[in-house]
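In terms of this note's numbering, the sequence shown opens at residue 32 and continues consecutively.
Cβ atoms here follow ideal geometry from the backbone N, Cα and C, with glycine treated the same way.
Being a predicted model, the structure only gives us computed values, none of them experimental.
All remarks here apply to the structure that follows.
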Amino acid sequence: KAADEIAKQGGKATFLEIDVSDDNSVTAATREFAKAADHLDVLVNNAGIIMDGDNAILEISDDIFRKTLETNTLGALRVTRAFVPLLAKSKAPRVVNVSSGGGQLTGGADGWAPAYCISKTALNGVTSQLATALPKFAVNSVCPGWVRTDMGGRGATRTVEEGADTIVWLATDAPQKVTGKFLRDRKEIPW
């Protein structure tokens with residue numbers, strides 16, 4: 032649906048299925064994309080899982096922690112690393128990592144979904160490091176808020192459109208000098 036809308040506006044979107052926790056899948060997706068385009072302007076890392084829900088930190092297995100960090104943190108780094116050569120060919124490369132308010136060290140989630148929240152704190156750290164390592168790129172992380180999605184549920188306070196607003200802004204209209212930030216509602220927030 033999103034690809035169709037982009038095409039209607041004269042743009043080009045390529046859908047790729049990627050298992051961000053699998054090096055081979057990421058490599059295959061990068062190769063497939065490179066067949067379709069010579070560069071990439073925007074990469075949005077939005078893959079995420081939550082496996083721990085209401086479990087207390089002392090009750091969560093190492094396996095759940097590993098899988099959560101592998102997808103939510105290392106997955107974004109792995110995909111970004113793979114696409115850097117194509118992004119570097121863009122006039123204004125942008126990377127947007129979808130994080131969470133649960134990743135804030137100040138006013139975080141107060142014990143809710145510890146593995147998920149820790150993975151998002153780590154993603155914010157990865158974002159900061161990437162912004163330093165890639166000075167010609169705009170690299171940021173975003174808290175979309177509590178959004179009505181499969182993960183957020185029907186009781187969430189934000190629509191998908193509201194949750195996507197800052198992501199779309201960073202991908203399109205935000206000044207390129209905005210980098211290394213954690214944002215919600217187009218404003219920097221502490222993490």
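- In the DSSP annotation of this structure, F213 is not part of any alpha helix (DSSP H); the continuous beta strand (DSSP E) holding it starts and ends at F213 to R215.
- Among the bridge pairs identified by DSSP, K218 is matched with R215.
- From the listed residues A59, H70, K39 and Q207, the smallest Cα separation to K120 is found for H70.
- Between G133 and A144 a beta carbon distance of about 6 Å is seen, short of the 8 Å cut, so the two are scored as contacting.
- The DSSP assignment places 93 to 100 as complete runs of the alpha helix (DSSP H) inside the region 69 to 101, in order along the chain (cut-off: 4 residues).
- Rounded to the nearest angstrom, the Cβ distance from A65 to T104 is 25 Å, too far for a contact under 8 Å.
- By a beta-carbon distance limit of 8 Å, L108 contacts V157. Their separation comes to about 5 Å.
- Boundaries for N128: no alpha helix (DSSP H) harbours it, while the beta strand (DSSP E) harbouring it runs R125 to V129, taken from the DSSP string.
- A contact is defined here as three or more CB-CB pairs under 8 Å, and the region 123 to 138 meets this definition with respect to the region 188 to 207.
- Looking at D141, D216 and V75, the one whose alpha-carbon comes closest to that of A44 is V75.
- For V57, the uninterrupted alpha helix (DSSP H) segment begins and ends at D54 to A67.
- An exposed status is given to A67, since fewer than 16 other beta-carbon atoms sit within 10 Å of its beta-carbon.
- The Cβ atoms of S130 and K151 sit closer than 7 Å to each other.
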